[in-house]
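Chains as they are written, first to last, in the UniProt record's numbering: chain A, 1 to 237; chain B, 1 to 466. Here is the structure we will look at, set down as structure tokens.
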Amino acid sequence: MSLVAEAFVSQIAAAEPWPENATLYQQLKGEQILLSDNAASLAVQAFLQMCNLPIKVVCRANAEYMSPSGHSLSDGLEEVQKAEMKAYMELVNNMLLTAELYLQWCDEATVGEITHARYGSPYPWPLNHILAYQKQWEVKRKMKAIGWGKKTLDQVLEDVDQCCQALSQRLGTQPYFFNKQPTELDALVFGHLYTILTTQLTNDELSEKVKNYSNLLAFCRRIEQHYFEDRGKGRLS
Amino acid sequence: MLLGGPPRSPRSGTSPKGPRSSTGHVQFGKSPQTWPRRTRLRSPEPAAPSGVRGSTWPKRRDSPRRAGPTALSRYVGHLWMGRRPPSPEARGPVPRSSAASRARRSLASPGTSPGPLTATIGGAVAGGGPRQGRAEAHKEVFPGQRVGKMAAPMELFCWSGGWGLPSVDLDCLAVLTYARFTGAPLKVHKISNPWQSPSGTLPALRTSHGEVISVPHKIITHLRKEKYNADYDLSARQGADTLAFMSLLEEKLLPVLVHTFWIDTKNYVEVTRKWYAEAMPFPLNFFLPGRMQRQYMERLQLLTGEHRPEDEEELEKELYREARECLTLLSQRLGSQKFFFGDAPASLDAFVFSYLALLLQAKLPSGKLQVHLRGLHNLCAYCTHILSLYFPWDGAEVPPQRHTPAGPETEGEPYRRRNQILSVLAGLAAMVGYALLSGIVSIQRATPARAPGTRTLGMAEEDEEE
């Protein structure tokens, strides 16, 4: 979450021109990267694509603690729209990201089968276990602090459903959330939804919830085609 | 004492405001704070042994039942089938006077301001079974209504009022405002002892089935289920906006509020702790505010932990910057409207109001955010508008009526005073008893000519002999 948040916040501070050899660091794709980090990274990639900024994606094991800087896509919006955009971005962070974190770290089935193994994979034993448990403990504490500690998986899925419903209603039939031009919100939503849709987890309920909303699916597809495939920058995997 | 008795709540901004506590604070409720509004209702109703009897407002138009998920989204999940209360103009001075509401007519309560008074008579029926009252009057029976069954009215326990607000706590204020918006018949107990609430924390809602809910979002969800829905008239898009803006509030504004009231040293010592220490009964006021502060600190750290700032100053600055931005965004979104979604208040208004009102009304010695907020005039006007419309007694001077029903009001004070005297006496008795038993002091029935001064000699002699 900090990746994306800092990316979009530092746009204000980014005064220097975009460096030529900018790299986006993310965790090892095949093995280490987790749902939520993948989503965040993808969101940043999408955002940068929309800004026409060249980016090289580099995989690093400790990418969790690094962050990029960015530009602003939302200058053309009115004040009220900017307010709405920020609010919806918070909504996505609040609901979708937290749900992803919950699923990864608090759902025992997923944790056992996928998360622990992936999170600790670049490190030797016993460091992999220790780091994984530490991270899990951290996430659980945070969940408790925001009131998600007692939630069951069904409740979390319901929350995701509510969030998707809200996004779907906000999007309506427009191509992007603020009509013609993509904004940070589009990048963020795309990052999360695409990741949810394409990541294999122990159960598919999360992606099923998203699939219920056809305009969101179309939205993801549209962005994927327009910004990732057309540019020939390589597949999203 | 500050916030000692019921008279506090109606006081205007001259009285210091208490800190806002978010969910999970311990609540004391030794002496229920009477709400001036309630006192008016007291006359027709039997005197409440504790707390304030909430006015039992007539039920609003019913809205379809809807099961919902939990927490924020769950609570908002009802939005799309929600119902909005009639616009304030229709209500007149009393928010409850939803003149347009059939329910009110059914209870034969006047549409004017003393509405609550007479309505409570009918409200006794309404409180027990709002649907029943309505059904009787209109001969309408909606599916799923409990016709003919008198259920207990819902009771809400919340922190008492201060600083010109009906409650000093963020969540309590939000729930109260929402209840006011929708005219839900709640028996409100304003207490300052969290241990007196059924769940140990405030706010807490005891439903008509005896179940206790203490998460604010769930309380509002429950009210919605009971057909007190402020979001009924919202479009789907507005419902989505509500969800989004509430996330914004929680992410950006809440940490700063917690910081302002509980972590910032000056504010905490001079405003927050002062209020709570004075409001809570002895001896809770010695340790509970500190405990609450520690809980908040922990929560704040967890909430902002992932930012990993270099030092606390940076984090603070960043937090405040984001909060100022959030306030500006809210101001932009509100524009010149009366409420966020037009002319009638919705649940989002309840939450935004609770945040803003606390920020505005509390007299904070170091209130950077307050200064920024005061600069956003439409938000200030918004707050004042809601305050004057829905909580007129709390903002105004103490009405003289408050003094007339002296029973339940002053009940709080002597009760508290009595406890203090009792505990002092108990301490004295313990000390004297110990002294007597261990022989330090002995009552000598010896020569009456014995001067008091020699008594001490006698004691010394005894010690020596021993």
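All residues carry an ideal CB built from backbone N, CA and C; glycine is no exception. Just so we're clear, the structure is a prediction, and the values are computed from it rather than from any experiment.
List the endpoints of the continuous alpha helix (DSSP H) containing residue i.
{"i": "H385(B)", "result": "H377 to Y390"}
{"i": "F353(B)", "result": "S347 to Q361"}
{"i": "N128(A)", "result": "L127 to A145"}
{"i": "L173(B)", "result": "L170 to T182"}
{"i": "F228(A)", "result": "First-last for F228(A): undefined, no H or E at that position."}
{"i": "G290(B)", "result": "L284 to T304"}
{"i": "N203(A)", "result": "N203(A) -> no alpha helix (DSSP H), and no H or E assigned at all."}
{"i": "V189(A)", "result": "E184 to T198"}
{"i": "C163(A)", "result": "L153 to L171"}
How long is the line joining the alpha carbons of residue i and residue j, rounded to whole angstroms?
{"i": "K209(A)", "j": "F353(B)", "result": "33 angstroms"}
{"i": "F228(A)", "j": "V44(A)", "result": "13 angstroms"}
{"i": "G290(B)", "j": "C164(A)", "result": "41 angstroms"}
{"i": "S168(A)", "j": "T198(A)", "result": "19 angstroms"}
{"i": "V188(B)", "j": "F282(B)", "result": "23 angstroms"}
{"i": "K266(B)", "j": "N215(A)", "result": "51 angstroms"}
{"i": "N229(B)", "j": "P203(B)", "result": "19 angstroms"}
{"i": "R318(B)", "j": "E312(B)", "result": "The question names Arg, but residue 318(B) is Glu in the sequence shown. Spanning the two alpha carbons is a distance of roughly 10 angstroms."}
{"i": "W262(B)", "j": "T304(B)", "result": "15 angstroms"}
{"i": "W195(B)", "j": "L243(B)", "result": "32 angstroms"}
{"i": "E113(A)", "j": "K252(B)", "result": "35 angstroms"}
{"i": "L425(B)", "j": "A435(B)", "result": "15 angstroms"}
{"i": "K171(A)", "j": "A87(A)", "result": "Correcting the residue identity first, residue 171(A) is Leu in this sequence and not Lys. One C-alpha to the other measures close to 14 angstroms."}
{"i": "L103(A)", "j": "M50(A)", "result": "29 angstroms"}
{"i": "K211(A)", "j": "K144(A)", "result": "29 angstroms"}
{"i": "T186(A)", "j": "Y176(A)", "result": "For the record, residue 186(A) in the displayed sequence is Asp; it is not Thr. Rounded to the nearest angstrom, the two C-alpha atoms are 7 angstroms apart."}
{"i": "L358(B)", "j": "I130(A)", "result": "44 angstroms"}
{"i": "A429(B)", "j": "R294(B)", "result": "35 angstroms"}
{"i": "A277(B)", "j": "E270(B)", "result": "11 angstroms"}
{"i": "F341(B)", "j": "M246(B)", "result": "14 angstroms"}
{"i": "T173(A)", "j": "L217(A)", "result": "12 angstroms"}
{"i": "G147(A)", "j": "V432(B)", "result": "50 angstroms"}
{"i": "W159(B)", "j": "R180(B)", "result": "16 angstroms"}
{"i": "F219(A)", "j": "F190(A)", "result": "8 angstroms"}
{"i": "K227(B)", "j": "L205(B)", "result": "16 angstroms"}
{"i": "T115(A)", "j": "L101(A)", "result": "10 angstroms"}
{"i": "K190(B)", "j": "Y415(B)", "result": "15 angstroms"}
{"i": "G120(A)", "j": "L201(A)", "result": "17 angstroms"}
{"i": "F286(B)", "j": "F178(A)", "result": "54 angstroms"}
{"i": "L248(B)", "j": "L91(A)", "result": "7 angstroms"}
{"i": "P399(B)", "j": "K218(B)", "result": "Any answer about P399(B) is weak, because its pLDDT of 41 lies below 50 and its placement is not dependable; what the coordinates show is given next. So the alpha carbons of these two residues sit roughly 34 angstroms apart."}
{"i": "N38(A)", "j": "E250(B)", "result": "25 angstroms"}
{"i": "L422(B)", "j": "L284(B)", "result": "15 angstroms"}
{"i": "A109(A)", "j": "A132(A)", "result": "15 angstroms"}
{"i": "K274(B)", "j": "S438(B)", "result": "41 angstroms"}
Please name the residue in the options whose C-alpha comes closest to that of residue i.
{"i": "H209(B)", "options": "M154(B), L253(B) and L425(B)", "result": "M154(B)"}
{"i": "W105(A)", "options": "P182(A), K142(A) and E84(A)", "result": "K142(A)"}
{"i": "E325(B)", "options": "F351(B), V256(B), D241(B) and C380(B)", "result": "V256(B)"}
{"i": "K180(A)", "options": "A117(A), R222(A) and Y102(A)", "result": "R222(A)"}
{"i": "K150(A)", "options": "V215(B), R374(B) and R180(B)", "result": "V215(B)"}
{"i": "H259(B)", "options": "Q370(B), N285(B) and M280(B)", "result": "Q370(B)"}
{"i": "L389(B)", "options": "M297(B), L249(B), A344(B) and S442(B)", "result": "A344(B)"}
{"i": "A346(B)", "options": "D241(B), L205(B), C158(B) and T328(B)", "result": "D241(B)"}
{"i": "T183(A)", "options": "A39(A), L127(A) and L77(A)", "result": "L77(A)"}
{"i": "T98(A)", "options": "V189(A), T202(A) and V160(A)", "result": "V160(A)"}
{"i": "R417(B)", "options": "A279(B), C172(B) and K368(B)", "result": "A279(B)"}
{"i": "I213(B)", "options": "V175(B), E314(B), L302(B) and S442(B)", "result": "V175(B)"}
{"i": "L391(B)", "options": "W163(B), F157(B) and A152(B)", "result": "The residue asked about is misnamed: residue 391(B) is Phe in this sequence, not Leu. Of the candidates W163(B), F157(B) and A152(B), the one whose C-alpha sits nearest the C-alpha of F391(B) is W163(B)."}
{"i": "S366(B)", "options": "Y232(B), Y268(B) and L348(B)", "result": "Y268(B)"}
{"i": "Q155(A)", "options": "Y213(A), M89(A), L206(A) and E224(A)", "result": "L206(A)"}
{"i": "L330(B)", "options": "F351(B), T272(B), L302(B) and M292(B)", "result": "F351(B)"}
Considering just the uninterrupted stretch of the beta strand (DSSP E) at residue i, what are its terminal residues?
{"i": "F177(A)", "result": "Looking at the DSSP string, F177(A) is not in any beta strand (DSSP E), and its letter there is neither H nor E."}
{"i": "A204(B)", "result": "A204 to R206"}
{"i": "F340(B)", "result": "No beta strand (DSSP E) holds F340(B); DSSP gives it neither H nor E."}
{"i": "W159(B)", "result": "M154 to W159"}
{"i": "H189(B)", "result": "L186 to I191"}
Is there at least one non-hydrogen atom of the ligand PLP closer than 6 angstroms to the beta-carbon of residue i?
{"i": "K86(A)", "result": "No copy of the ligand PLP appears in this structure; indeed no ligand is present at all."}
Quick check on residue i - is its C-beta less than 7 angstroms from some C-beta in chain E?
{"i": "Q169(A)", "result": "Reference to chain E is not applicable here, since the protein chains of this structure are A and B."}
At which residue ranges does the stretch 208 to 273 of chain B contain complete alpha helix (DSSP H) runs of 4 or more residues, listed in the order of the chain? 216 to 225, 236 to 248 and 254 to 258
Can at least three beta-carbon pairs, one atom from the stretch 164 to 171 of chain B and one from the stretch 357 to 367 of chain B, be found at a separation below 8 angstroms? yes
Using a Cβ distance threshold of 8 angstroms, determine whether the stretch 376 to 391 of chain B contacts the stretch 325 to 344 of chain B, with at least three qualifying pairs required. yes
Three or more beta-carbon pairs under 8 angstroms between the stretch 219 to 226 of chain B and the stretch 177 to 184 of chain B, yes or no? yes
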